[in-house]
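What follows is a short report on a single structure.
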Amino acid sequence: MTTTATHPSPAPPTPSGSGLPPSIGKWLTEALFGRAGLRMLAVCLGLGVLSAIVTGPGSTADEPFDGIRRSVIDPRIVTFLLLGVALWVVVRVTPLVWPILVRGFEPARAQVTELSRQRYSPIGLNLALLAFAILIPLALGAPARQSLVNDIAIYALLALGLNVVIGYAGMLDLGYIAFFAIGAYATAYFTSEKAINVHSPVILNPFFVFPIAFVLAAIAGVILGGPTLRLRGDYLAIVTLGFGEIIQLIANNSEFTNGPRGAFGVPHLSIHVFGFHYEWGQDPLPYYYLLLGLIVITMIAFGQLERSRIGRAWAAIREDEIAAEATGVPTLRLKLLAFAIGASVSGFAGVMYASKQFFNPQTFSLQASFLVVTLVIFGGMGSRLGVVVGTVILQGLAFVLRDLVPATDRLIYFGAVVIIMMIFRPQGVIPSRRRKREIKLSEAGIGGADSLGAAPTAAGSQT
Amino acid sequence: MDFVHQFWQLTVDGLMSGSLYAVIALGYTLVYGVLQLINFAHSEVFMLGAFGGLFAARGLMDGGDTPSGLASVGIVAVGLGVGAMVGALAAFTLERVAYRPLRRRGAPRLAFLISAIGASLFAVNLAGKEFGRNNVSMPEPFTNGEVFKIFGASVNTKTLVIFVVAAAMLLILDTLVARTRLGQSIRAVAQDSDTAVMMGVNVDRVIVLTFIIGGLLAGAGGFLYAMTFTASFTMGFIPGVKAFTAAVLGGIGNVRGAMLGGVLLGLIESYGGYIFQASYKNVIAFLVLVLILMIRPQGLLGERLGRAA
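Quick mapping for you: the protein sequence lines, in order, are chains D and F.
Take 5 as the starting number for the first sequence in my numbering and just add one per residue.
Take 3 as the starting number for the second sequence in my numbering and just add one per residue.
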């Protein structure tokens, strides 16, 4: 199967040809039933069976293939096979008819318009989105509101922070949740006498823990990133992965952190200023609005950062680290800065999370780190609006799926979404213009589009 | 004084787990050699191979008595074979689905890492769904008695089997990379893929075969692992990270380095786990990783498959 590169099927008609091709029927037969076409049919049917298995019943180790067997003999399989056939037809026929469909719609100066399109996001659209975000919880029921806070708003904040690391500086951090854990445990330590087995000499209002967690997480980020950022970028991924795992192991095993039981009774956020008292209670709404405020502030701040000298330096590092270094960009320091900023946002979110409810080490599993990475990639790395929208879509989907599929199966779908995204739309749902261009350039063999070095062996020899 | 007493026993244990790490580490190192990429989903290849071998061996034994003699040898051989085949199949599929489409397009490196993570998530959780989420242990394929004592440390059958099989695989691989034509093309691609193309090397084929070789080793290693410990859908992660550490320790991309790194890491962990606490055994591996990266990022034997193998 090494001939995927060479297409034995007929070449799609050139857009310049006029009128309908003479023998479209012949084309179709050959596109569908030629060698490549039949192979694609096999792949599509395989995908159909795979989706049937993924969505079908599970099984246990005693009868390991029982779930697969029951998925395959179930009548549902017909639906999936038909879907596979439909996919096959679409995949094989679209390239044939596409040039005919888009003929006449091709803009004359595609490149120019793309680059000169408006630079800043339209303010009206942003305000409309904000208004939507403010009003939407009023239309939702209690469980949805709860999920809006715990699964969407907190994760949107996390994704925004990780976006600085992945999207701006082009590094992969797989232990991002560790900083979240640092923030959460710091909150438990500083604000309550009994949440975990140790507490600070002075008990603070959770609001005062924000700067502490911010600094602690940033310091952890610098300690971790310092030695590893000197090296090739993919080492960072594995070291952060290890760090995330160490933090969770410690949280789980240490008696200071209350072990696997986690922390209970962290006080809610409260304000006592000039005789004004307010406490964020069990109700998710006030938390939601506080988080929304934080998200908006973070988005604005990161927007400024992105357009600043630092942001431009990050872009330079991403696009060509050696050239950036040669022009005097302190690459190591800037990468470290991105890492620390990302970490501190995670610590910040950790404080919010801790003061909201109880938490245990399970919250800080590796899966959570992967989830945040997924959210960033899905939304569009480097695009602030993108990662927030990505979070809303994916986590919203997870909420909807909650009753449809077992919670433990959700990560199967996440994995599939990530692969599909990387294959077909690596720039994400709402890509940042710059990132999109970089990925295009990288695919053309110019620049790296991340700080991990040049693209791997492109076996383009036969293409 | 306790440590001195236990020293040789710890050495035997360390060598055993170390040879397993070495077997898995080769998969990382080979793929790194040809693609300059960390194959994040390699640990899932290992996991799937372990399940494949385990189910095959269990099917053969059918819950009866512990077999002995030739029957045991047969069961272990079948388990290894099926494990290796499943591993190879998984690695092949992985390359097809998560790597090749991106490679064709010349996608940025970050994209590869992320799609590998996606594949890993998919495989782990699908395995969890189909094979259950509990630990599965394998029935004993042979009576696990003490074979001989060395410096007062007892070496039992299982340890011996693992050690012999792992050593044989490492030897075969080393010969393959150093002596055969395939090994030559792997080294050529690792050194300079563009030039390799001009010299008539089919880079795509070499890459697929590299994945398959790594998968064979990881799958067989998975079976050996499942035979000693237990199998579960998340079993790949920790050995995977450790094998990666071993590969980095020896110099990633360097075949003999990965073997050396694996054995060393096994020993360090075995001693460290005894001196500190068994539950912090995993932390030691990560600490070793961070320390190597700080002190000698190119690893003990240096990087690059092409030069050192």
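Every residue gets a Cβ at the ideal spot worked out from N, C-alpha and C, and that includes glycine.
* Which partner residues of Ser274 of chain D appear in the DSSP bridge assignment? -> The residue given as residue 274 of chain D occupies position 270 in the first sequence. Note: Ser274 of chain D sits in a beta bridge opposite D:Glu283.
* Asked: Hey, is the stretch 113-122 of chain F in contact with the stretch 202-212 of chain F, meaning 3+ C-beta pairs nearer than 8 angstroms?
  -> Touching, no, given that fewer than three Cβ pairs across the two stretches are closer than 8 angstroms.
* To do: Decide if the stretch 127-144 of chain F is in contact with the stretch 429-439 of chain D; the criterion is three or more beta carbon pairs, one per stretch, under 8 angstroms apart.
  => The answer is no - the stretch 429-439 of chain D does not touch the stretch 127-144 of chain F, with fewer than three Cβ pairs under 8 angstroms.
* Mind listing the chain F neighbours of Gly50 of chain D? Cutoff is C-beta to C-beta under 9 angstroms, in chain order. => Within the first sequence, the letter at position 46 stands for residue 50 of chain D. None at all; the shortest Cβ gap to chain F is about 10 angstroms.
* To do: Identify each residue in the stretch 111-128 of chain F for which the Cβ-Cβ distance to at least one residue of chain D is less than 8 angstroms, and report them in chain order.
  => Flagged, chain order: Arg111, Leu112, Ala113, Phe114, Leu115, Ile116, Ser117, Ile119, Gly120, Ala121, Ser122, Leu123, Phe124, Ala125, Val126, Asn127, Leu128.
* Asked: Would Asp194 of chain F be called buried (16 or more neighbouring beta carbons within 10 Å of its own) or exposed?
  -> Reading the second sequence from its first residue, position 192 is the one you call residue 194 of chain F. Burial call: exposed.
* Residues from the stretch 402-427 of chain D in contact with chain F, defined by Cβ distance under 9 angstroms -> Against chain F - using a Cβ distance shorter than 9 angstroms - the residues of the stretch 402-427 of chain D are Pro410, Thr412, Asp413, Arg414, Leu415, Ile416, Tyr417, Phe418, Gly419, Ala420, Val421, Val422, Ile423, Ile424, Met425, Met426, Ile427.
* Asked: Mind checking whether Gly304 of chain F and Gly253 of chain F have CB atoms under 7 angstroms apart?
  -> On the second sequence, residue 304 of chain F is found 302 positions in, with the first residue counted as 1. On the second sequence, residue 253 of chain F is found 251 positions in, with the first residue counted as 1. Between Gly304 of chain F and Gly253 of chain F, the C-beta gap is smaller than 7 angstroms, which places the two residues in contact.
* Asked: In the DSSP assignment, what are the bridge partners of Asn316 of chain F?
  -> Given a span of 3 to 311 for chain F in the structure shown, any question on residue 316 of chain F remains unanswerable.
* Does DSSP put Gln300 of chain F in a helix, in a strand, or in coil? -> Reading the second sequence from its first residue, position 298 is the one you call residue 300 of chain F. In the structure shown, Gln300 of chain F sits in coil (DSSP, three-state: anything other than H, G, I, E or B).
* **Residue burial classification, Ser70 of chain F (beta-carbon count within 10 angstroms, cutoff 16)** => If you number the second sequence from 1, residue 70 of chain F lands on position 68. Burial call: exposed.
* To do: Quick one: grab the DSSP three-state call for Phe57 of chain F.
  => Position 55 of the second sequence holds residue 57 of chain F. Phe57 of chain F falls in the helix class under three-state DSSP.
* Tell me, to the nearest whole angstrom, how far the beta carbon of Phe213 of chain F is from that of Leu96 of chain F; I am working on the premise that it is less than 8 angstroms. => For the purposes of this step, residue 213 of chain F is taken as the residue at position 211 of the second sequence. For the purposes of this step, residue 96 of chain F is taken as the residue at position 94 of the second sequence. Taking 8 angstroms as the upper bound for CB-CB distance, Phe213 of chain F and Leu96 of chain F are in contact here, some 7 angstroms apart.
* Please find out if some non-hydrogen atom of the ligand MG comes closer than 6 angstroms to the beta-carbon of Thr159 of chain F. => For the structure depicted, the ligand MG is absent and the ligand set is empty, with no information on it obtainable.
* Contacting residues, own chain, Cβ-Cβ under 6 angstroms from Leu176 of chain D (five flanking each side not counted) -> Locating residue 176 of chain D in the first sequence gives position 172, counting from the first residue. Same-chain partners within the cutoff: Ala241.
* Asked: Do the stretch 277-294 of chain F and the stretch 33-48 of chain F make contact, defined as three or more Cβ pairs closer than 8 angstroms?
  -> Flag = no, the stretch 277-294 of chain F and the stretch 33-48 of chain F do not touch.
* Asked: What's the gap between the Cα of Leu291 of chain F and the Cα of Trp31 of chain D?
  -> Here residue 291 of chain F refers to the residue found at position 289 of the second sequence. Here residue 31 of chain D refers to the residue found at position 27 of the first sequence. Each residue's Cα considered, the two are about 57 angstroms apart.
* To do: Using a Cβ cut-off of 7 angstroms (strictly closer), state whether Thr6 of chain D contacts chain F.
  => Taking the first sequence and counting its residues from 1, one reaches residue 6 of chain D at position 2. Annotation note: pLDDT 42 at Thr6 of chain D (below 50); position unreliable, no value reported.
* Taking Arg441 of chain D as the reference, give the member of F:Gly224, F:Phe231, F:Ala109 with the closest Cα. => The sequence position of residue 441 of chain D within the first sequence is 437, counting from 1. Ranking the options by Cα distance to Arg441 of chain D, first place goes to F:Ala109.
* **For Val14 of chain F, three-class secondary structure by DSSP** => Working through the second sequence from its first residue, we reach residue 14 of chain F at position 12. The three-state secondary structure of Val14 of chain F, taken from DSSP, is helix.
* Anything in chain F within Cβ reach of Gly62 of chain D, meaning under 7 angstroms, just list it in chain order. => For the purposes of this step, residue 62 of chain D is identified with residue 58 of the first sequence, where counting begins at 1. What Gly62 of chain D touches in chain F: Lys131, Glu132.
* For Pro215 of chain D and chain F, any beta-carbon pair shorter than 7 angstroms? -> Here residue 215 of chain D refers to the residue found at position 211 when the first sequence is read from its first residue. So no, Pro215 of chain D is outside the interface.
* Take the Cβ of Tyr282 of chain D as the centre, count every other Cβ of all protein chains shown within 10 Å, and call the residue buried at 16 or more, exposed below. => Residue mapping note: residue 282 of chain D aligns to position 278 of the first sequence, counting from 1. Around the beta carbon of Tyr282 of chain D, a 10 Å sphere encloses fewer than 16 other beta carbons of the protein chains shown; the residue is thus reported as exposed.
* List the residues of chain F that Leu245 of chain D touches, going by C-beta distances under 8 angstroms, in chain order. => Numbered from 1 along the first sequence, position 241 holds the residue referred to as residue 245 of chain D. Near Leu245 of chain D (Cβ distances below 8 angstroms), the residues of chain F are Val243.
* In angstroms, rounded to a whole number, what distance separates the CA positions of Thr338 of chain D and Tyr30 of chain F? -> The residue labelled residue 338 of chain D in the question sits at position 334 within the first sequence. The residue labelled residue 30 of chain F in the question sits at position 28 within the second sequence. What sits at residue 338 of chain D in the sequence shown is Leu, not Thr. Taken atom to atom, the span from the alpha-carbon of Leu338 of chain D to that of Tyr30 of chain F is near 30 angstroms.
* To do: Return the chain-ordered list of same chain residues with a C-beta closer than 7 angstroms to the C-beta of Glu329 of chain D, the five sequence neighbours on each side being excluded.
  => Start at 1 with the first residue of the first sequence, and residue 329 of chain D comes out as number 325. Counting only residues of its own chain and dropping the five nearest sequence neighbours on each side, Glu329 of chain D has a CB closer than 7 angstroms to the CB of Thr335.
* Exposed or buried, which one is Ser120 of chain D when buried takes at least 16 other CB atoms within 10 Å? -> What you label residue 120 of chain D is simply residue 116 of the first sequence in a count that begins at 1. Low local confidence applies: a pLDDT of 49 at Ser120 of chain D is under 50, so the model's placement there is unreliable, and no value is given.
* Identify whether Gln466 of chain D lies in helix, strand or coil by the three-state DSSP scheme. => For the purposes of this step, residue 466 of chain D is taken as the residue at position 462 of the first sequence. Per-residue confidence for Gln466 of chain D stands at a pLDDT of 34, beneath the threshold of 50, marking its modelled position as unreliable; no derived number is given.
* Asked: Cα-Cα, which of F:Thr232, F:Leu17, F:Ile152, F:Asn41 is closest to Leu28 of chain F?
  -> As a working mapping, residue 28 of chain F is identified with position 26 in the second sequence. Ranking F:Thr232, F:Leu17, F:Ile152, F:Asn41 by Cα distance to Leu28 of chain F puts F:Asn41 first.
* To do: Note down, one range per segment and in chain order, each alpha helix (DSSP H) of at least 4 residues found wholly within the stretch 82-125 of chain F.
  => The DSSP assignment places complete alpha helix (DSSP H) segments of no fewer than 4 residues inside the stretch 82-125 of chain F at 102-107, in order along the chain.
* To do: Enumerate in chain order the residues of its own chain whose CB-to-CB distance from Gln11 of chain F is below 6 angstroms, with the five nearest sequence positions on each side excluded.
  => Within the second sequence, residue 11 of chain F is the residue found at index 9, counting from 1. A distance below 6 angstroms between beta-carbons, with the five flanking residues on each side excluded, links Gln11 of chain F to the following residues of its chain, in chain order: Ala155.
* How should Glu479 of chain D be labelled, buried or exposed, when 16 other C-beta atoms within 10 angstroms of its C-beta is the threshold for buried? -> Coverage of chain D is limited to positions 5 through 467, which leaves residue 479 of chain D absent and any answer about it impossible.
* **Spatial distance of Val312 of chain F from Val157 of chain F (CA atoms)** => This structure does not reach residue 312 of chain F, given that chain F is present from 3 up to 311, and the question cannot be answered.
* Please classify Val6 of chain F: does DSSP put it in a helix, a strand, or coil? => One-based indexing of the second sequence puts residue 6 of chain F at position 4. Helix at Val6 of chain F.
* Beta-carbon separation of Ala160 of chain D and Thr378 of chain D under 7 angstroms? -> The residue you call residue 160 of chain D lines up with position 156 of the first sequence. The residue you call residue 378 of chain D lines up with position 374 of the first sequence. Between Ala160 of chain D and Thr378 of chain D, the CB-CB gap reaches or exceeds 7 angstroms.
* To do: Please report the residue range of the alpha helix (DSSP H) in which Asn167 of chain D lies.
  => If you number the first sequence from 1, residue 167 of chain D lands on position 163. Its alpha helix (DSSP H) spans residues 158-167.
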